[in-house]
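The block underneath contains the structure these notes are about, expressed in structure tokens.
2 protein chains.
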Amino acid sequence: MTNRRTRSDGERSRDAILDAAAELATVEGLDGLSLARLAEVTGMSKSGVFGLFGSKEELQLATIDKARHVFITEVIGPALEAPPGRDRLLRLCVGYLDHVERRVFPGGCFFASVASEVSSRPGPVRDRVADEQKQWTGLLTENAERAVEAGQLPTDTDPEQLTLELSTMLTGADIAYLLHEDPAILDTIRTTIHDRLGR
Amino acid sequence: MTNRRTRSDGERSRDAILDAAAELATVEGLDGLSLARLAEVTGMSKSGVFGLFGSKEELQLATIDKARHVFITEVIGPALEAPPGRDRLLRLCVGYLDHVERRVFPGGCFFASVASEVSSRPGPVRDRVADEQKQWTGLLTENAERAVEAGQLPTDTDPEQLTLELSTMLTGADIAYLLHEDPAILDTIRTTIHDRLGR
DNA sequence: ATGTAGACCGTACGACCGTGCGTGCTAATT
DNA sequence: AATTAGCACGCACGGTCGTACGGTCTACAT
Numbered sequence: 141m142t143n144r145r146t147r148s149d150g151e152r153s154r155d156a157i158l159d160a161a162a163e164l165a166t167v168e169g170l171d172g173l174s175l176a177r178l179a180e181v182t183g184m185s186k187s188g189v190f191g192l193f194g195s196k197e198e199l200q201l202a203t204i205d206k207a208r209h210v211f212i213t214e215v216i217g218p219a220l221e222a223p224p225g226r227d228r229l230l231r232l233c234v235g236y237l238d239h240v241e242r243r244v245f246p247g248g249c250f251f252a253s254v255a256s257e258v259s260s261r262p263g264p265v266r267d268r269v270a271d272e273q274k275q276w277t278g279l280l281t282e283n284a285e286r287a288v289e290a291g292q293l294p295t296d297t298d299p300e301q302l303t304l305e306l307s308t309m310l311t312g313a314d315i316a317y318l319l320h321e322d323p324a325i326l327d328t329i330r331t332t333i334h335d336r337l338g339r
Numbered sequence: 141m142t143n144r145r146t147r148s149d150g151e152r153s154r155d156a157i158l159d160a161a162a163e164l165a166t167v168e169g170l171d172g173l174s175l176a177r178l179a180e181v182t183g184m185s186k187s188g189v190f191g192l193f194g195s196k197e198e199l200q201l202a203t204i205d206k207a208r209h210v211f212i213t214e215v216i217g218p219a220l221e222a223p224p225g226r227d228r229l230l231r232l233c234v235g236y237l238d239h240v241e242r243r244v245f246p247g248g249c250f251f252a253s254v255a256s257e258v259s260s261r262p263g264p265v266r267d268r269v270a271d272e273q274k275q276w277t278g279l280l281t282e283n284a285e286r287a288v289e290a291g292q293l294p295t296d297t298d299p300e301q302l303t304l305e306l307s308t309m310l311t312g313a314d315i316a317y318l319l320h321e322d323p324a325i326l327d328t329i330r331t332t333i334h335d336r337l338g339r
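Chains as they are written, first to last, in the working numbering: chain B, 141 to 339; chain H, 141 to 339.
See below:
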């Protein structure tokens, strides 16, 4: 009797499934997340996977949450080493581009690849994605404000406008990079952002 | 063996189908283009629709071509009224944002909404989308070069870099606008681009 | 020792998908 | 008038999807 199942086993299975789900969703889409494929990857049965979440929507929401944690670990966390303001803002942007190039998710930025899919389908899933996006841009704005206050950026800089300028460039770069598989695109955007925020 | 056939009927049906397909694809995705729904919308039978294209891939390629024509009519055509260089570049960018807001396609820019879907699935469809994208950015670069030559932009401006900066912002703005349904995003990007290209 | 909760499996159902087959129908060519 | 190409149809196939239910096993409290 070495193999026993407990609640902690369920959590481990859940986490393993979500790990695979977050990666799969960036390739197949959030709606294309199939129980069958997830079961195949994790070595479980379809119903075993299904039972752990109860519905497909719950699975999707949990997947979004998992992707958020990965994003925090891979991008936001490291950027917090830099002091608030321009430096941190720069680290956030470059960190984003790096995690795309590093293929943390096979289909690039999770939220970018999922956004265009859910944007035309109102509901809890779409709202959750929109919320995560807002948190991200909020973090950018926060540091843009600090940068202006600290005189690291021109005083007539509008933090909200700068945030939108940066965030749209980032997701746009993600998409263009994936479509053309050309790392030069990321490099160009990196220097563009460096220029924009001043050396 | 003389052939004369009744093209008109087939051609008309084909065009009606593609019209619906281009709109549908921006909502359901290129892969989510279902024969059943297309048949339902156009009032034809599933097999009638299928027979006109022969395969789903052919339907997808034809849909991309149709979307290209719509984009040319709605965005590129009007922008050609402006003289080459900075003015035309500006008209192209603003025209793009306008066509998104005007909901020429219900799911925003056709190519943006389709790019993230096909980018992870190599093949003719993905290549076709990438080609169209390249034509679009090529048009931007062309006018950026003219603008620099004409002294409408700083002489140290790199046309390729400017193109990437603009094109990523445009598709990024499209996605953000659709996700949050907030027209202010488009306005902000409009002024950002105006600022970037100088008044 | 026993009861119970929850993880997990096997199987099945209904829906929807893309794809073919066989067949009228229309209209241009003969 | 006869022929014929090809548009459009109804129908049915095999496959995959999400979902549901019943059953089995394990861990833990009692």
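Note that the Cβ used here is the ideal one computed from N, Cα and C, for glycine as well. It should be emphasised that the depicted structure is a prediction, and the values quoted were computed from it without experimental measurement.
Near-chain B residues of the segment 298 to 324 of chain H (beta-carbon distance less than 8 Å), N- to C-terminal order: 300, 301, 304, 305, 307, 308, 309, 310, 311, 312, 313, 315, 316, 318, 319, 320
Closest residue to residue 245 (chain H) among H:206, H:306, H:293 (Cα-Cα distance): H:206
Contacts of residue 255 (chain B) in chain H (Cβ-Cβ under 9 Å): 256, 315, 316, 318, 319
Start-to-end residues for the alpha helix (DSSP H) that takes in residue 309 (chain B): 299 to 320
Cutoff 8 Å: residue 162 (chain H) Cβ touching any chain B Cβ: no
Rounded separation between residue 127 (chain H) and residue 315 (chain H) - CA only: No information on residue 127 (chain H) is available, as it lies outside the stretch 141 to 339 that chain H covers here.
Between the CA atoms of residue 329 (chain B) and residue 289 (chain B) - distance to the nearest angstrom: 25 Å
Segments of 4+ residues assigned as alpha helix (DSSP H) that fall wholly inside the segment 186 to 226 of chain H: 186 to 193, 196 to 211
CB contact flag (residue 311 (chain H), residue 169 (chain B), <8 Å): no
Beta-carbon contacts of residue 265 (chain H) that lie in its chain and below 8 Å, excluding the five residues immediately before and after: 170, 197, 200, 201, 204, 258
Straight-line Cα distance separating residue 277 (chain H) from residue 284 (chain B): 29 Å
Where residue 157 (chain H) meets chain B, residues with beta-carbon distance less than 7 Å: Those within 7 Å of residue 157 (chain H) in chain B number zero; the least Cβ separation is about 20 Å.
Interface residues of chain H facing residue 338 (chain B) [CB-CB closer than 7 Å]: Ordered by position in chain H, no residue passes the 7 Å Cβ test against residue 338 (chain B), which lies about 16 Å from the chain.
Validate contact between the segment 176 to 188 of chain H and the segment 219 to 228 of chain H using beta carbons, cut 8 Å, 3 pairs: no
Cβ shell of residue 326 (chain H) (< 8 Å), same chain only, five flanking positions each side left out: 237, 240, 241, 313, 317
Cβ-Cβ distance between residue 324 (chain H) and residue 250 (chain H) below 8 Å: no
First through last residue of the alpha helix (DSSP H) which encompasses residue 293 (chain H): Unbroken run through residue 293 (chain H): none, as it is neither H nor E.
N-terminal and C-terminal residue of the alpha helix (DSSP H) that residue 253 (chain H) is part of: 250 to 258
Any chain B beta carbon closer than 8 Å to residue 259 (chain H): yes
Contacting residues, own chain, Cβ-Cβ under 8 Å from residue 293 (chain H) (five flanking each side not counted): 226, 284, 287, 302, 337, 338
Between the CA atoms of residue 214 (chain B) and residue 321 (chain B) - distance to the nearest angstrom: 21 Å
Cβ shell of residue 160 (chain B) (< 8 Å), same chain only, five flanking positions each side left out: 178, 181, 182
Interface residues of the segment 259 to 275 of chain B facing chain H [CB-CB below 9 Å]: 259, 260, 261, 266, 269, 270, 273, 274
Residue-chain proximity (residue 176 (chain B), chain H), Cβ-Cβ < 8 Å: no
Spatially closest choice to residue 152 (chain B) from B:166, B:192, B:164, by CA coordinates: B:192
Burial state of residue 275 (chain B) (16 or more Cβ within 10 Å): exposed
is_contact[residue 141 (chain H), chain B] using C-beta, thresh 8 Å: With a pLDDT of 34 at residue 141 (chain H), under the threshold of 50, the predicted position of this residue should be treated as unreliable, though the coordinate-derived value follows. No, because no Cβ of chain B sits closer than 8 Å to the Cβ of residue 141 (chain H).
Below-8 Å beta-carbon distance, residue 329 (chain H) vs any chain B residue: yes
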